[in-house]
Structure formats: C-alpha cells, structure tokens
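Notes follow the structure.
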Amino acid sequence: MMISLPLPRYSRKENPEYWLKMFQATAKVQVWTTDEDKLMFIPMFFKSEMRVWFYDGKYTDFQEFAAVFVERFGLKIKKYRPLKKTPTIRKKNKESAQAYGYRLRQWKVRHGASLSESDMLHQFVNGLNPKSLRQAVRAEYPKDLDTAIRKAIELEEDEHNPFSDSDEGPAYRDQESDDSSSDIDEQATKNRKNKIKTPNPWTKRLSPSRSKSKRCGFS
Numbered sequence: 091m092m093i094s095l096p097l098p099r100y101s102r103k104e105n106p107e108y109w110l111k112m113f114q115a116t117a118k119v120q121v122w123t124t125d126e127d128k129l130m131f132i133p134m135f136f137k138s139e140m141r142v143w144f145y146d147g148k149y150t151d152f153q154e155f156a157a158v159f160v161e162r163f164g165l166k167i168k169k170y171r172p173l174k175k176t177p178t179i180r181k182k183n184k185e186s187a188q189a190y191g192y193r194l195r196q197w198k199v200r201h202g203a204s205l206s207e208s209d210m211l212h213q214f215v216n217g218l219n220p221k222s223l224r225q226a227v228r229a230e231y232p233k234d235l236d237t238a239i240r241k242a243i244e245l246e247e248d249e250h251n252p253f254s255d256s257d258e259g260p261a262y263r264d265q266e267s268d269d270s271s272s273d274i275d276e277q278a279t280k281n282r283k284n285k286i287k288t289p290n291p292w293t294k295r296l297s298p299s300r301s302k303s304k305r306c307g308f309s
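All letters in the sequence shown, in the order written, are residues 91 to 309 by the numbering used here.
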C-alpha cells in the first residue's frame, strides 16, 4: 500500500538536485527499490510537458536519468547565485526548531543561494530564539546544520527545559535580570508597608513635654 507523502510536482523553478533527493527519500519510504520502480513512478510527479520529455528519453537506468535531469533543468535556474548580503532569518514566535530548520533549507533552495554548510549552520544558530536556546545549542559546538537542528529539537522537547516560546524581544532578556527586578519590587513593597505601620518615635517623646508645658501655663 502506498503512503501519502507531500512530494510536490517538479517545476523548473526548483533546484533539480534538491528535488531528486526528496524523490529518493519518498521512494525509500514507498519501497521503490529498483530502477524500474523509480522510473515508473517519477513521471507521476512531472507536468505534461516534462512527462513528454521524460518518455522521449526512454531511460532504463535511474542514475543516468538523474544526471541528464540535473544537467537539463539545472541550467534553467540561477544556480548557486552569490549573495551580496545574507539576510537574517530568525526562528518565529511559536515556531519549532524543526520547522525553522526546514524553512531555512527551503529558503536556500528557492533562492539558489551559494551558502556552504558552515554558512547554513551559522545562520541557523544565530537565528534561534529564545536567547537561552541559542546559547545552549552553541555551547554544544555542533559540527553541521543537521546536528544543530537535532540538538535544538532535543532541548525543546525536554519536559524540564527552560526555553519558552518567545519572539526576539522578550527572548533576549536574561533570567537573572528578571529575578533581580522581581526581588527589588518585592523589597520596595515591604518597605512601603513598614513605613506605614511603624509609628514615629518622636511623637511619643514629645507628648509628655507638651502636656507638662500646658500644666505650667506655657503655650
């Protein structure tokens, strides 16, 4: 029985190498193990124009097809376009680390960006929110993007984790600062209460003198 997987039809705007990797993953799950199986099912993910191109090739070897496919359609996109400036892509509020990592990879594919694995790792870690999660992942010294994503997911799924979903603003506040502010506010409240409840000691001392003055006839 086939499992329904969200593999979209190939369009010429996509990176053919990345799309083939997705197809290979789908084929593995569907148990399309032979070249014959893969070549039988892959036209189902092509639009009519590309389907005609595929059948004209009369392919019998999947690796041969893959090489021709990448060479033919890889030229249609601005592949590995250098970026003048890498944009800042951050983890959104309530977005999981897994979804954030997927969004980052999709961005690279859509733009055909020439970002190395090291660049992608740097971008992912720097875009993590809250700050405590970013620091925890960075402290693990992940060697690549996949490792960093897995670590971020583990930290988020830990039931005792201190990483709350927050947007960039609140996420950058340190816990110590929050605790200190709370302590200061609590102490100030206590001081105000003590000030109200504590009687003025000079009032008691002056009261007898005033009474004596009145008895002696002094005003």
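A virtual CB, placed ideally from N, CA and C, is assigned to each residue, including glycine.
Remember, predicted model here, so these are calculated numbers, not experimental data.
Between S101 and I243, the alpha-carbon positions lie close to 31 Å from each other. Excluding its 5 nearest sequence neighbours in each direction, P106 has C-beta neighbours in its own chain below 7 Å: F159, V160, F163 and G164, listed in chain order. In this structure P232 touches A238 by the C-beta definition: roughly 4 Å separates them, less than 8 Å. Here the segment 179-199 does not lie against the segment 143-158, with fewer than 3 beta-carbon pairs under 8 Å apart. L205 carries a coil assignment under DSSP once its states are collapsed to helix, strand and coil.
Counting the other Cβ atoms within 10 Å of the Cβ of P220 gives 16 or more, which makes it buried. The C-alpha of V119 is placed about 16 Å away from the C-alpha of M130. Annotation for F152: the continuous alpha helix (DSSP H) segment containing it runs F152 to G164. Listed in chain order, the non-local C-beta contacts of V121 below 7 Å within the same chain number zero, local neighbours out to five positions each way being set aside. Going by C-alpha positions, F214 is about 12 Å away from W197. Under the three-state reduction of DSSP output, R240 falls in the helix class. Collapsing the DSSP output to three states places R224 in a helix. The beta carbons of G217 and T178 sit closer together than 8 Å. In terms of Cα proximity to M112, the closest of F136, P98 and R228 is P98. S222 counts as buried, since at least 16 other C-beta atoms from the protein chains shown sit within 10 angstroms of its C-beta. For E104, the secondary structure class from DSSP, reduced to helix, strand or coil, is coil.
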